[in-house]
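Read the sequence shown against this note's numbering and you will find it ends at 300, with the numbers running on by one and no gaps.
Idealized CB from N, CA, C, for every residue including glycine.
Please read all numbers here as calculations on a predicted model, not as lab measurements.
First up is the structure itself, then whatever we jot down about it.
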Amino acid sequence: MKCCTKCKIEKPLTEFYKHKGKKSGLMSECKSCKDVKNREWREENPDKVKEIVKKWQEKNPDKCKEYFSKWKEENPEKLKEYQDEYQKKYNKENREKRREIERRYALKKRIKNQNAWVYLKDYPLL
Ligand SMILES: [Zn+2]
175 MKCCTKCKIE KPLTEFYKHK GKKSGLMSEC KSCKDVKNRE WREENPDKVK EIVKKWQEKN
235 PDKCKEYFSK WKEENPEKLK EYQDEYQKKY NKENREKRRE IERRYALKKR IKNQNAWVYL
295 KDYPLL
């Protein structure tokens, strides 16, 4: 048994994560305290988390692919959710760009029609 320095509850050693740097070989905080802390840290440092994940992905491309394809198989609904969310975000970010493209397209069309009209006007017989 080991006492957690955070919640002060005595817990079996399996309730502690391993830590190579420590003499005991275990973290001083129990798994649930560490999980809470990790979650808080992740929420506070989304950029750092992204960086770490990216580095891990670069180092372990095969593992990452394997992990992702497994995850896809196990979470088809979540995948769809993520894709929808991504699409929504993408659409939002590109709405301005799309508007600009559409505006340009409309203008081009108008110019084209105008040219046609000018063209017809030059033919009094028509
Ligand atoms: Zn604890």
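How many angstroms separate the CA atom of TYR264 from the CA atom of TYR256? 12 Å
Looking at ligand 1, does it come within less than 7 Å of GLU203, judged from the CB to the closest heavy atom? yes
Could you tell me the boundaries of the beta strand (DSSP E) in which CYS204 lies? 200 to 204
Roughly how far, in whole angstroms, is the beta-carbon of CYS181 from the beta-carbon of CYS207, given that I think they are within contact range, below 8 Å? 5 Å
Going straight from the alpha carbon of GLU251 to that of CYS204, what length do you get? 33 Å
Straight-line Cα distance separating ARG284 from ILE275: 14 Å
Between which two residues does the beta strand (DSSP E) holding LYS246 run? Per DSSP, LYS246 belongs to no beta strand (DSSP E); it is in the alpha helix (DSSP H), 235 to 248.
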